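Enquirer: Next up is a structure, given as structure tokens.
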Amino acid sequence: MSQLTNQSLHQGVSPQVEKFIDTLFDQLCASCPQLFNLTPERLQVVKRQWILGFAENGITKITQVKRGMAEMRTKPNGYLPSVGEFIQACKVLDYHELGLPNEAELYQRYKIFLGYARFNRDEFQYRSEVEFWLLKKS
Numbered sequence: 157m158s159q160l161t162n163q164s165l166h167q168g169v170s171p172q173v174e175k176f177i178d179t180l181f182d183q184l185c186a187s188c189p190q191l192f193n194l195t196p197e198r199l200q201v202v203k204r205q206w207i208l209g210f211a212e213n214g215i216t217k218i219t220q221v222k223r224g225m226a227e228m229r230t231k232p233n234g235y236l237p238s239v240g241e242f243i244q245a246c247k248v249l250d251y252h253e254l255g256l257p258n259e260a261e262l263y264q265r266y267k268i269f270l271g272y273a274r275f276n277r278d279e280f281q282y283r284s285e286v287e288f289w290l291l292k293k294s
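Using the working numbering, the final residue of the sequence shown is 294, and nothing's skipped along the way.
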């Protein structure tokens, strides 16, 4: 039965994906020591669910997974996150990565912009074209 289960876990999964998930779980072991308590069979089932979760939720880029791992390293407990928790961490947007200010920075820039808006609008120095459109249309 166990052999049959292992065979079905590997169907349709490329060796590169398996290697990637193995590497990810090696890194997770450092952040979540609970992984050491899983049997090899149970670990295979968990890995398969993570592969399915990634596929179903559009986690396709290394940068997304790196974001998720960075978040997992901040967890105060040693428990393995659910695939849903990890996916949620992968999907958190890093505005700076996109060349945008975060919400607090944009609000601060908006307040500065308002100081110029009445009389010196043309003197305000926009940091990017995106900032120009975000502030100008406000």
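We put the beta carbon where it would ideally sit given N, CA and C, even for glycine. Everything numeric in this text was worked out from a predicted model, so none of it was measured.
Using the three-state DSSP reduction, which class does residue 239 fall into: helix, strand or coil?
Expert: helix
Enquirer: What first and last residue would you give for the alpha helix (DSSP H) that runs through residue 281?
Expert: According to the DSSP assignment, residue 281 belongs to no alpha helix (DSSP H), since it is labelled neither H nor E.
Enquirer: DSSP on residue 230, reduced to helix/strand/coil?
Expert: Correct three-state label for residue 230: coil.
Enquirer: Taking residue 172 as the reference, give the member of 202, 185 and 207 with the closest Cα.
Expert: 207
Enquirer: State the DSSP-derived secondary structure class of residue 249, mapped to helix, strand or coil.
Expert: coil
Enquirer: Given this structure, state the Cα-to-Cα distance separating residue 261 from residue 287, to the nearest angstrom.
Expert: 11 Å
Enquirer: So which of 220, 203 and 281 has the shortest CA-CA distance to residue 175?
Expert: 203
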